[in-house]
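>
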Amino acid sequence: MYSTRFTFLLLLCLIIPFSLRLMKYEPYPAVLLPSGPQTVKKTQGSIRMEFKQVFGLNPNNNWKRIEPKEFMHPAPAAYLTNLTLKNMGFKELKPHLFNGRYALVNHFFRFHRGGATNSNTEDLRDWLKGRLAKSGYQTSKIRVSTYVNTISTANGEITKKELKEEKYYDLD
Amino acid sequence: MKSTTTWINSINNRFWRTIVNSTATGVESVAVFRIIMGIYLLFVTTPTYTWIADLPKALYTPPIISFVNLLASDFPGRNFLVTVDFLMVASIVGIVLGIYSRFATLAFVILKVSVLSFQYSFGKIDHDIMLPATLACMAFSGWGQTLALVPDKRSKWDSPSKSLSVIAVLIGFGYFSAGIEKAIHWLNFDLNSNGTARWFYLGLYNLQRQPILAPALKNAPFWFFKIMDVVGVIFELTPIIAVLISRKAWRIWLFFAAAFHLVNYLLFNINFIGNGLVYIAFINYKPVYRYVANLTKSYIAKALILAAVGYAAVIRGISILTSQNVGIIFIPDNGNANLYCMLIIWALICAALFITIFKTGKQPVHDDLEVVSPQLT
Chain A
1 MYSTRFTFLL
11 LLCLIIPFSL
21 RLMKYEPYPA
31 VLLPSGPQTV
41 KKTQGSIRME
51 FKQVFGLNPN
61 NNWKRIEPKE
71 FMHPAPAAYL
81 TNLTLKNMGF
91 KELKPHLFNG
101 RYALVNHFFR
111 FHRGGATNSN
121 TEDLRDWLKG
131 RLAKSGYQTS
141 KIRVSTYVNT
151 ISTANGEITK
161 KELKEEKYYD
171 LD
Chain B
1 MKSTTTWINS
11 INNRFWRTIV
21 NSTATGVESV
31 AVFRIIMGIY
41 LLFVTTPTYT
51 WIADLPKALY
61 TPPIISFVNL
71 LASDFPGRNF
81 LVTVDFLMVA
91 SIVGIVLGIY
101 SRFATLAFVI
111 LKVSVLSFQY
121 SFGKIDHDIM
131 LPATLACMAF
141 SGWGQTLALV
151 PDKRSKWDSP
161 SKSLSVIAVL
171 IGFGYFSAGI
181 EKAIHWLNFD
191 LNSNGTARWF
201 YLGLYNLQRQ
211 PILAPALKNA
221 PFWFFKIMDV
231 VGVIFELTPI
241 IAVLISRKAW
251 RIWLFFAAAF
261 HLVNYLLFNI
271 NFIGNGLVYI
281 AFINYKPVYR
291 YVANLTKSYI
301 AKALILAAVG
311 YAAVIRGISI
321 LTSQNVGIIF
331 IPDNGNANLY
341 CMLIIWALIC
351 AALFITIFKT
361 GKQPVHDDLE
371 VVSPQLT
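Here is the structure:
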């Protein structure tokens, strides 16, 4: 049978990553399954949910919602949401944790603080342009719009769509 | 102090003994499972990872605590990823045919976790860890000792019962990690507050998932989502209890787990098929072992198996070089064929686990098991 020492080590290997996830620093690899405990609230027969959507300019100069699967292929379609959450990759420079006092902490967060170099930004633009061209859109601009949708709980249809925020990214 | 240590040791022994009683099968059974797992890895899930090489450095945001955050500063190049893809296919062939299975399994796990670490550096961790974790445990189950072209030598590390018992604990903890936060936020008497509805509408309208049963769920009363909240949390918090109760309770939970995933697939279009493969590790395949062993003695069957594996390996190789997904081998690569094929696989998993509930068999006698092997003691 497994020894107590093994059981204790196994427990540590499970609990430490779980605790880190609770602190928003999910490690990988770790034996963790998806949580997603957020909820929606029903008021007067509807719920309100915020969605970020990506738009491209079609050849007729009209903004059209980009189909995530086609745009991201062969990467998983769900990653488009993460791209929008990351400002389409145009990271903003965030302040150092602990005012940058600890070199090890700075090292760990070096890719999360943002501040991409010019060549990195150029590569990012080229990558986005390539994706847009592949999906049949103009490559000059891309738009990310945040909508607050009201969804009826009677039939699940969107009854109202309010624009909350709109961001344009110049790619030329 | 000594009595405390003795008490802790006795609790520890009782804990593992109970789990072994609920989960143990045998070397012959895990050998059959190795072939099933190999077939799944070779024919059903056929990802390639060369696309990661095309990602710009600006998108490189690895998990803070991951080895790629420490060791790498960009997504890897195409040559590296092509090599990894080919090595993974080679290791899968090793698993399915039983060629140095232990080494092949460990190689596959290391390569898979490495390449997924880079994929998740895009910023999203997909929680499909159960499959590599299961494979890592099965590498020490002795599953390559029989039904193998080049069998593994018996080793003091091999123990199917220990491997399966650790997998059961990992499943229990994995689901606990998913369920505990949900329990805090979802379990209340507020019928107007809901978590499942958020998952559903987020997938439907933001990620543009199109679940088969979406029309039915859109028209379902809001309280129905609340029932799903409660059922989901109960399901996620109970595996460790089930495995500690009895062999039958564990098998009942496994069946409900598979059914839960099938329902998730139909209602939310979230497919955790890898977890389904993990659940069927606990089926006792001993009754079919003799049949499989006889089959593999026939020259015609051997030739057919080698031809099918060779064909799949070639298709996978072409897929890697062209960066084109091939979907499920032998099935046309389109959405509907893939969907129905996945549904059939889920139905088969559910049916197999359902039958297992009634064929639990006697509790294993400890002398029959290798529980006294010195592994990790």
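So the sequences go chain by chain: A and B. Numbering of the first sequence is given in full-length UniProt numbering, commencing with residue 1 and proceeding in unit increments. Numbering of the second sequence is given in full-length UniProt numbering, commencing with residue 1 and proceeding in unit increments. Where a beta carbon is used, it is the ideal one built from N, C-alpha and C, also for glycine. Quantities reported herein were computed from a predicted structural model and do not represent experimental measurements.
1) Quick check on Tyr168 of chain A: buried or exposed, where buried means 16 or more other Cβ atoms within 10 Å of its Cβ?
2) What number of angstroms, rounded off, separates the C-alpha of Phe71 of chain A from the C-alpha of Met88 of chain A?
3) Near Glu162 of chain A, what residues of its chain come up, given a Cβ to Cβ distance below 6 Å and the 5 sequence neighbours on each side ignored?
4) Within its chain, find whatever has a CB closer than 7 Å to the CB of Ser66 of chain B; leave out the 5 residues flanking it on each side and keep chain order.
5) I'd like to check one pair, Gly310 of chain B with Thr39 of chain A: are the Cβ atoms closer than 8 Å?
6) Could you name each continuous beta strand (DSSP E) segment of 3 residues or more that falls completely within the region 154 to 217 of chain B, going from the start of the chain to the end?
7) Counting only Cβ pairs nearer than 7 Å, list the residues of chain B close to Thr146 of chain A.
8) Measuring only the C-alpha atoms, how far is Glu122 of chain A from Pro76 of chain B?
9) In chain B, which residues lie with their C-beta within 9 Å of the C-beta of Leu124 of chain A?
10) Please report whether the beta-carbon of Leu49 of chain A lies at a distance below 8 Å from any beta-carbon of chain B.
11) Along chain B, in chain order, which residues have C-beta atoms closer than 8 Å to that of Gln38 of chain A?
12) List, in chain order, every chain B residue whose beta-carbon is nearer than 7 Å to that of Val31 of chain A.
13) Quick one: is Ser19 of chain A buried, meaning 16 or more other Cβ sit within 10 Å of its Cβ, or exposed?
14) Within 10 angstroms of its Cβ, does Asn155 of chain A collect 16 or more other Cβ (buried), or is it exposed?
15) Taking just the CA atoms, how far does Lys129 of chain A sit from Phe51 of chain A?
16) So, are the CB atoms of Val144 of chain A and Val54 of chain A less than 8 Å apart?
17) So, with DSSP's three-state summary, where would you put Arg101 of chain A?
18) Note the first and the last residue of the continuous alpha helix (DSSP H) segment covering Val263 of chain B.
19) From Val372 of chain B to Phe358 of chain B, what distance separates their C-alpha atoms?
20) Please classify Leu22 of chain A as buried or exposed, where buried requires at least 16 neighbouring CB atoms within 10 angstroms.
21) Helix, strand or coil for Lys161 of chain A? Go by DSSP, reduced to three states.
22) Expressed to the nearest angstrom, what Euclidean distance is found between the alpha-carbon atoms of Phe222 of chain B and Ala214 of chain B?
23) When you compare only the Cα positions, how much space is there between Gly98 of chain B and Thr146 of chain B?
24) Please check if any C-beta of chain A sits within less than 8 Å of the C-beta of Phe222 of chain B.
25) Can you check whether the C-beta of Phe268 of chain B is within less than 8 Å of a C-beta belonging to chain A?
26) In chain order, what residues of the same chain lie with their CB nearer than 6 Å to the CB of Leu376 of chain B, ignoring the 5 residues before and after it?
27) Assuming Gly46 of chain A contacts Thr150 of chain A under a Cβ cut-off of 8 Å, what Cβ separation, rounded to an integer in Å, is found between them?
28) Between the Cα of Ile19 of chain B and those of B:Gly94, B:Pro239 and B:Ala58, spot the shortest distance and give me the residue it belongs to.
29) Can you check whether the C-beta of Phe75 of chain B is within less than 8 Å of a C-beta belonging to chain A?
30) Taking 8 Å as the cut-off, does the region 195 to 210 of chain B touch the region 252 to 263 of chain B (at least 3 CB pairs, one atom from each stretch)?
31) Whose C-beta lies closer than 7 Å to the C-beta of Pro374 of chain B among residues of the same chain, with five residues either side of it excluded?
32) Are the beta-carbon atoms belonging to Leu170 of chain B and Ala133 of chain B less than 8 Å from one another?
33) At the 8 Å Cβ level, is Ser35 of chain A part of the contact set with chain B, yes or no?
34) Just reading off the beta strand (DSSP E) that Trp63 of chain A is part of, what are its end residues?
35) Since Trp127 of chain A meets chain B, which of its residues come closer than 9 Å, beta carbon to beta carbon?
36) Which residues in chain B sit within 8 Å of Thr139 of chain A, going by Cβ to Cβ distance?
Per the coordinate set shown:
1) exposed
2) 13 Å
3) Val148
4) Ser117
5) no
6) none
7) Neighbours of Thr146 of chain A on chain B: none; closest Cβ ~11 Å, over 7 Å.
8) 18 Å
9) Pro56, Lys57, Ala58 and Leu59
10) The sequence as given places Met at residue 49 of chain A; Leu does not occur at that position. Output row for Met49 of chain A: interface = yes.
11) His185, Gly195 and Arg198
12) Ile129, Ala133, Leu170, Phe173 and Gly174
13) exposed
14) exposed
15) 23 Å
16) yes
17) coil
18) Arg247 to Phe268
19) Since pLDDT at Val372 of chain B reaches only 39, below the 50 mark, its modelled position is unreliable, and no value is offered.
20) exposed
21) strand
22) 14 Å
23) 8 Å
24) yes
25) no
26) For Leu376 of chain B, the pLDDT reaches just 36, beneath the cut-off of 50, and the residue's location in the model is therefore unreliable, although a value from the coordinates is still provided. Here the set comprises nothing.
27) Per the sequence presented here, residue 46 of chain A reads as Ser, with Gly not at that position. The pair is a contact, with the Cβ atoms about 5 Å apart (cut-off 8 Å).
28) B:Pro239
29) no
30) no
31) Here Pro374 of chain B scores only 39 on pLDDT, less than 50, and its place in the model should not be relied on; the value that follows carries that caveat. If we look at Pro374 of chain B and ignore the five residues flanking it on each side, its Cβ neighbours are Lys156.
32) yes
33) yes
34) Trp63 to Arg65
35) Asp54, Leu55, Pro56, Ala58 and Leu59
36) Near Thr139 of chain A there are no residues of chain B at all, since even the closest Cβ is about 15 Å away, more than 8 Å.
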